[in-house]
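Mapping of the sequence shown onto the UniProt record's numbering: position 95 corresponds to residue 95, and the numbering continues sequentially without gaps.
Virtual Cβ for every residue (Gly too), placed ideally from N, Cα, C.
Since this is a predicted model, take the numbers as computed values, not measurements.
Here is the structure we will look at.
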Amino acid sequence: MSTVGIKEAAVEAAILFDEGSDKSFIMQQLADQLQLPVDGTDMLNIALFGGNTARVRRVDRSTIYVKTDNEIVQLSVLVVLTIAKPIDTSLMSVAATFPFSDV
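Okay, here's the thing in structure tokens:
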């Protein structure tokens, strides 16, 4: 958990830094909670893994600040409805009951 926000408001939020990514994202719900001002818009090409087609979507771009242990980092973020769907854990409880071989 890290402090994320703008000058007027900040909240504790779960964040993930991906050094290999060229874009950063924030969920619409958190952007609304922080009342993030829109800096502009970007176009995203969205495709599913293994998919042959992509769709273009226009998303808002905003600026947030993330407080780390050593500094406050400014990030340009794209506002999206969902970053990842929740993982269905119901199969995990079923799989836990399977007998496994010691082979």
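- Secondary-structure assignment with DSSP links G5 through a beta bridge to A10 and Y65.
- Only residues of its own chain outside the window of five on either side were considered, and among them Y65 and V66 have a CB closer than 8 Å to the CB of I72, listed in chain order.
- Within the same chain, T63 and Y65 come within 7 Å of Q74 by CB-CB distance, once the 5 residues on both sides are set aside.
- Straight across, the Cα-Cα distance linking G51 with N45 is about 12 Å.
- The beta carbon of F25 sits closer than 7 Å to those of V77, L78, V80 and I83, all from its chain and outside the five residues before and after it, given in chain order.
- Taking all protein chains shown into account, G5 has 16 or more neighbouring C-beta atoms within 10 Å of its C-beta and is therefore buried.
- In the DSSP assignment, the residues bridged to F25 are L78.
- Note that the C-beta distance between A14 and M27 is not below 7 Å.
- In the three-state reduction of the DSSP assignment, D32 falls in the helix class, which pools H, G and I.
- A straight line joining the alpha-carbon of T3 with that of M43 spans about 28 Å.
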